[in-house]
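> Can you read through this structure? Questions will come right after.
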């Protein structure tokens, strides 16, 4: 089925470890983004991309890196995990970055715990 | 800067009641888009509706309806004859094309519980 695939679904890290959350979409969407969801705080934008080779910071980028070498893939890297990064992470894609008028297709989420 | 406020943190209703979820937004743009998403207990996020700023017609889809009023900067969501399966967290979101190149700002969500 077409959509956004996130892996892993669950992950436990020790403080200081690094890891990459994977996100892939097969809908040829231009726009991709990463959000984190914390209780009572809605969804906060970490990084986003308007096309291959183009990325930019969102609201809460510190401690995270992204790259977009292909249209399909948009991995999120945690450089040195901290307990404050315990959260649920969602990858989202949208048909076009121009206009901003398209709804998102979300991945199923990654529940990350940093101990 | 864009902002979305969902003042109702939690709502609890009994099945078959009607319920309205409020969404108030702030924007300086004349062109913008509003969205509603649903997050059921299973955790996935599902797109429900998009509305652009030039279309103030209300929309109805089955038991769901949306009331967009630019005069009050609101985009409210009503569920008629609620069902247990409507229990979820509902998010309202706003996108400003001129500033955000596709980025959406989300409200904090309203948790709806429908009791049998």
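Chains as they are written, first to last, in the working numbering: chain Z, 1 to 115; chain W, 1001 to 1116. We put the CB at the ideal spot given by N, CA and C, even for glycine.
For the candidate residues W/1053, W/1058, W/1087, W/1060, whose alpha-carbon lies nearest to that of residue 1014 of chain W?
The residue with the shortest Cα to Cα distance from residue 1014 of chain W is W/1087.
> Please tell me whether residue 1070 of chain W has its Cβ less than 8 Å away from any Cβ of chain Z.
So no, residue 1070 of chain W is outside the interface.
> Which residue's Cα is closest to the Cα of residue 111 of chain Z: Z/68, Z/8, Z/18?
Residue Z/8 is the option with its Cα nearest to residue 111 of chain Z.
> Can a CB atom of chain Z be found closer than 8 Å to the CB of residue 1117 of chain W?
Since the first and last residues shown for chain W are 1001 and 1116, residue 1117 of chain W lies out of range.
> Closest by CA to residue 1075 of chain W, which one among W/1111, W/1036, W/1041, W/1008?
Nearest C-alpha to residue 1075 of chain W: W/1036.
> Given that residue 90 of chain Z touches chain W, what residues does it touch there, using C-beta distances under 7 Å?
Those are 1045, listed as they occur along chain W.
> Just to confirm my understanding: we take residue 1027 of chain W, look at its own chain, exclude 5 residues before and 5 after, and list those with CB closer than 7 Å. What are they?
If we look at residue 1027 of chain W and ignore the five residues flanking it on each side, its Cβ neighbours are 1002, 1094, 1096.
> Rank W/1019, W/1055, W/1057, W/1024 by C-alpha distance to the C-alpha of residue 1106 of chain W and give the top, closest one.
The option with the nearest alpha carbon to residue 1106 of chain W is W/1024.
> Determine the chain W residues that contact residue 10 of chain Z at a beta-carbon separation under 7 Å, and present them in chain order.
By Cβ distance, chain W contributes nothing, its closest Cβ being about 11 Å from residue 10 of chain Z, past 7 Å.
> Closest to residue 29 of chain Z by CA distance: which of Z/50, Z/10, Z/35, Z/41 is it?
The residue with the shortest Cα to Cα distance from residue 29 of chain Z is Z/50.
> Tell me whether residue 38 of chain Z sits in a helix, a strand or coil according to DSSP, three-state version.
Reduced to three states, the DSSP call for residue 38 of chain Z is coil.
> Quick check: what's the CA-CA separation for residue 1048 of chain W versus residue 76 of chain Z?
Approximately 26 Å, taken between the alpha carbons.
> Residues of chain W with CB under 7 Å from residue 106 of chain Z, in chain order?
Residues of chain W passing the Cβ test: 1044, 1045.
> Return the Cβ separation of residue 36 of chain Z and residue 89 of chain Z in integer angstroms, given the expectation that the two are a contact with Cβ distance under 8 Å.
Confirmed, Cβ separation roughly 5 Å.
> Name the chain Z residues that come within less than 9 Å of residue 1087 of chain W, Cβ to Cβ?
Here the premise fails: no neighbours, minimum Cβ distance about 17 Å.
> Which residues, in order along the stretch 20-52 of chain Z, keep a beta-carbon less than 9 Å from a beta-carbon of chain W?
The stretch 20-52 of chain Z vs chain W, Cβ under 9 Å: 30, 31, 33, 35, 37, 40, 41, 42, 43, 44, 45, 48, 50.
> Using a cut-off of 8 Å between C-beta atoms, extract the partners of residue 1103 of chain W located in chain Z.
Those are 33, 45, 48, 58, 100, listed as they occur along chain Z.
> Please compile the residues from chain Z whose C-beta is within a distance smaller than 7 Å of the C-beta of residue 1107 of chain W.
Near residue 1107 of chain W (Cβ distances below 7 Å), the residues of chain Z are 42.
> Can you check which of these residues, Z/32, Z/10, Z/15, Z/17, is closest to residue 70 of chain Z by C-alpha distance?
The candidate whose alpha carbon is nearest that of residue 70 of chain Z is Z/32.
> Starting from residue 1038 of chain W, trace the beta strand (DSSP E) in both directions and tell me its first and last residue.
Taken as a continuous stretch (DSSP letters only), the beta strand (DSSP E) holding residue 1038 of chain W covers 1033-1039.
> Any C-beta of chain Z sitting closer than 8 Å to the C-beta of residue 1050 of chain W?
Yes, residue 1050 of chain W counts as interfacial toward chain Z.
> By the criterion of Cβ-Cβ separation under 8 Å, what are the contact partners of residue 3 of chain Z in chain W?
Near residue 3 of chain Z there are no residues of chain W at all, since even the closest Cβ is about 10 Å away, more than 8 Å.
> For residue 942 of chain W and residue 1111 of chain W, I'd like the C-alpha separation in whole angstroms.
Examination of residue 942 of chain W is not possible in this model, given that chain W is present from 1001 through 1116 alone.
> Please report the Cβ distance between residue 15 of chain Z and residue 115 of chain Z, rounded to the nearest whole angstrom; I am assuming they are in contact, meaning their Cβ atoms lie under 8 Å.
Correct: roughly 7 Å between the Cβ atoms.
> Where does residue 1104 of chain W land, buried or exposed, given buried means 16+ other C-beta within 10 angstroms?
That one is buried.
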